[in-house]
Amino acid sequence: MPEMDDPRQSEGAQRKVTRRQFILGVIAGGAVVSAASYRLLAPGHGRLSSANWSERLISINVNGKARRVEAMKQETLAWTLRYKLGLTGTKLGCDRAECGACTVLLDDVPHYSCSVLTHTVRNKKVTTIEGLAAADGKLHPVQQAVVDQQGFQCAFCMSGFIMATVGYLKQNPNPTRAELAHGISGNLCRCQDYSKILDSMMRGAEYTRNGFPAERRA
Amino acid sequence: MAVIRDVMPAFELLQPGSAADAQRLLEQNGEAAWVMAGGMDSFDWLKDRIKKPRVLVDLSGVDELRGVRVTSDGVEIGAMTTLTEIANHAEIKKNYGVLAEAVSLVASPQIRNQGTLGGNVSQDVRCWYYRGGWPCYRAGGNICYADTPVGRNREHAIFGGDRCIAVHPSDSVPALIALDAKFVVQSAKGERVIDAEDFYIGPQDDITHINILKPGDLLTAIRIPATFAGARFYFEKVRDRNVWDFPLMNVASAMKLSGNNIDQIRIAVNAVSPRPMRLKNVEDAVRGKPATPETGEMAGKLAIEGAKPLQFNAYKIPLMRNLVKRSITGVREATWTS
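Going line by line, the protein sequences match chains A and B.
The opening residue of the first sequence carries number 1 in our numbering; numbering runs sequentially from there.
The opening residue of the second sequence carries number 1001 in our numbering; numbering runs sequentially from there.
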């Protein structure tokens, strides 16, 4: 078993690839394979003209960039974001518009991306959790507030909650706690961490209005 | 049934840019076409593989069906106007508050951001046997799974059941009936304008259809006359959770008073019957009487006459009595409307 000879060496090799990079790599590879297989295996492909095929290669504006993507007609935005574009920060919980984990902004308004067809957002601006931080890596005020307040337990629902909050604050930048609770009531947390989540989001509202303390940025 | 998380089965997606094009596409594709507005009802059917349309006509690109227009006699709301837009619209909040309140209590913020008024009034019933793909009467079969000694029918009808006992689940419809709204339907033959309450079909007339829309029909707008503009309104929705849930029951009323006497009134209740229910007999009985708790009491008792409870929904009878009473006296327990 030559691969067992030097465990330190193989451990070192593993460390060079982080879990996140590995997952993204698998998705990128999968996208290539699956894009090819959809061409070959899609039901009734024989009937479709080449015009139909070019229609499936669409351009959508995600986080300020035009992204070319081959999307099936019946594909949901959550699916495209996660499995075609590698934006895995958007989570799929229920896939039935009942949990909020997949919340993204369409033209700054929160939507469940599990319940939006990718082909219907070609003229819209899609913002996901990956698009909130500034280009230099500085976190969005609501993200920074979550870090500072340690608002989440398992945090599977976190990106949905943050996107719902960012969208709500655009309508009402100075909410009461009850208003904010109502505004982001379309998101569920299975850890039942709502009180701490609301603490974070109220802090995020404050950071969004007033900027966040400089010492925390370091 | 298990929740399937794979991609939906393939369909042809048609994305017209005008109402006329949309109507033509529906005409051309007939039974094979499925109309999608916001999609909040459609996706459940498609993802669960219960309905498998060959063609999906997506109305999201039809801008002319969007928006609220103030007309010489009231307002006209495009069928593709989202519930959030309606809830926040100044004219609707000012003069037709019962509708603003009703749509603000629908489902969750994200669903209201995407769900449309046309979709909300056209949505199908929520009976889980039917939704789960069981071959019940409404699905074209010959049995009702809910109306048995062990059927789970806590949410089902106390009025108007005929083989099917599923209830109509919309929150906006009772408000629209109270406002005497008209639905505008386009077809190849032209435009039809239908009273809100006549848009719906009970199981005794056609058990597999919830409304009068036929293949080739497109609901384009909802017109609210100024009859009840600025009148005294009441809306209340009772549900298990404050978010997402469909009503266990809701009530809407619009009332014009002279002094404290009721001059004109319309009351509608939903989630009690397969059709949204306008309470004409109650309206007739309270007209001319003072809007007092005594009148409300009488109205509530009258409203529940003839109600038939099922195994698990007898609670709906006192609930309806009290909601109808409140719709006249205006007394309200706390609801979440911040």
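For glycine and all other residues, C-beta sits at the position ideal for the given N, C-alpha and C.
Keep in mind that this is a model prediction, so the values were computed, not measured.
Scan the stretch 1002–1026 of chain B for residues whose Cβ lies nearer than 8 Å to a Cβ of chain A and list them as they occur along the chain.
V1003, R1005, V1007, M1008, P1009, A1010, F1011, E1012, L1013 and Q1015
Can you tell me where the beta strand (DSSP E) holding R1232(B) begins and where it ends?
R1232 to V1238
Using a Cβ-Cβ cut-off of less than 9 Å, list which residues of the stretch 1096–1112 of chain B approach chain A; keep chain order.
A1107, S1108, P1109, Q1110, I1111 and R1112
If you drop the 5 nearest sequence neighbours on each side, which residues of the same chain put their C-beta closer than 8 Å to that of E1064(B)?
S1018, A1019 and G1078
Let's test the definition: count the other Cβ atoms within 10 Å of the Cβ of M4(A) and tell me whether it reaches 16, buried, or not, exposed.
For M4(A), the predicted structure reports a pLDDT of 48, less than 50, and the residue's modelled location is therefore unreliable. A value from the coordinates is still provided. Exposed is the call here.
Report back the beta-carbon spacing between P1225(B) and L1026(B) to the nearest angstrom; my notes put them in contact at under 8 Å.
Contact doesn't hold; Cβ gap of about 28 Å is too wide.
Can you check whether the C-beta of Q74(A) is within less than 7 Å of a C-beta belonging to chain B?
yes
Confirm, please, whether the CB-CB distance from F1011(B) to Q74(A) is below 7 Å.
yes
Strictly below 8 Å CB to CB, what residues from chain B border T103(A)?
Q1110
Using a threshold of 7 Å, state whether the C-beta atoms of V104(A) and V126(A) are closer than that.
yes
Scan the stretch 1121–1148 of chain B for residues whose Cβ lies nearer than 7 Å to a Cβ of chain A and list them as they occur along the chain.
none
Shorter than 7 Å from the beta carbon of D95(A) to some beta carbon of chain B?
yes
Keeping to the same chain, check which residues put their C-beta closer than 7 Å to that of L41(A); ignore five residues upstream and five downstream.
For L41(A), the predicted structure reports a pLDDT of 44, less than 50, and the residue's modelled location is therefore unreliable. A value from the coordinates is still provided. Around L41(A): no qualifying Cβ.
Under DSSP, the beta strand (DSSP E) around Y112(A) begins and ends at which residues?
V109 to Y112
Looking at the strands, I want to know which residues DSSP matches up with E1012(B).
V1055(B)
Going by beta-carbon coordinates alone, are A78(A) and T90(A) separated by less than 7 Å?
yes
Cβ of V1243(B) within 7 Å of any chain A Cβ
yes
Looking at the strands, I want to know which residues DSSP matches up with Q66(A).
Note that residue 66(A) is Ala in the sequence shown, not Gln. For A66(A), which the question treats as bridged, DSSP gives the partners N61(A).
Touch check for the stretch 1066–1078 of chain B and the stretch 1086–1105 of chain B: three-plus C-beta pairs under 8 Å?
yes
In the DSSP assignment, what residue or residues form a beta bridge with K1256(B)?
Q1264(B)
A1196(B): which of V1055(B), K1182(B), Q1204(B) and Q1186(B) sits nearest, CA to CA?
K1182(B)
Would you mind sorting S37(A) into buried or exposed? The rule is 16 or more other CB atoms within 10 Å of its CB.
Note on S37(A): pLDDT 46, under 50, position unreliable in the model; the coordinate value appears next. It is exposed - the Cβ of S37(A) has fewer than 16 other Cβ atoms within 10 Å.
Apart from the five residues just before and just after I1143(B), which ones in its own chain have a Cβ nearer than 8 Å to its Cβ?
P1135, C1136 and Y1137
Would G186(A) pass as an interface residue toward chain B - the criterion being a Cβ-Cβ separation below 7 Å?
yes
Where does the unbroken alpha helix (DSSP H) through R1192(B) begin, and where does it stop?
Run containing R1192(B): none in the alpha helix (DSSP H); it sits in the beta strand (DSSP E), G1190 to D1195.
Which first and last residues belong to the alpha helix (DSSP H) in which M158(A) is found?
M158 to Q171
Going by the beta-carbon positions, is the gap between M1249(B) and A1231(B) smaller than 7 Å?
no
Counting pairs of beta carbons, one from the stretch 1198–1205 of chain B and one from the stretch 1284–1297 of chain B, are three or more of them closer than 8 Å?
no
Scan the stretch 1164–1188 of chain B for residues whose Cβ lies nearer than 9 Å to a Cβ of chain D and list them as they occur along the chain.
Considering every chain present, this structure includes no chain D. Its protein chains are A and B.
Who are the near neighbours of R8(A) in its chain, counting only those whose CB is closer than 7 Å to its CB and skipping five residues on each side?
With a pLDDT of 48 at R8(A), under the threshold of 50, the modelled position of that residue is not reliable, and the figure given next carries that caveat. Contacts found: none.
Counting only beta-carbon atoms, is H119(A) nearer than 7 Å to chain B?
yes
Give a yes or no on whether the C-beta atoms belonging to A1178(B) and R1266(B) are separated by under 7 Å.
yes
Cα separation between K1325(B) and K1280(B)?
15 Å
If contacts are defined as beta-carbon pairs under 8 Å, then D1041(B) and D1124(B) qualify, I think. What distance do you get, rounded to the angstrom?
6 Å
Give me the chain B residues within the contact set of S195(A), using Cβ-Cβ distance strictly less than 8 Å, ordered along the chain.
Here the premise fails: no neighbours, minimum Cβ distance about 16 Å.
Please report how far the alpha carbon of E1155(B) lies from the alpha carbon of T18(A), in whole angstroms.
50 Å
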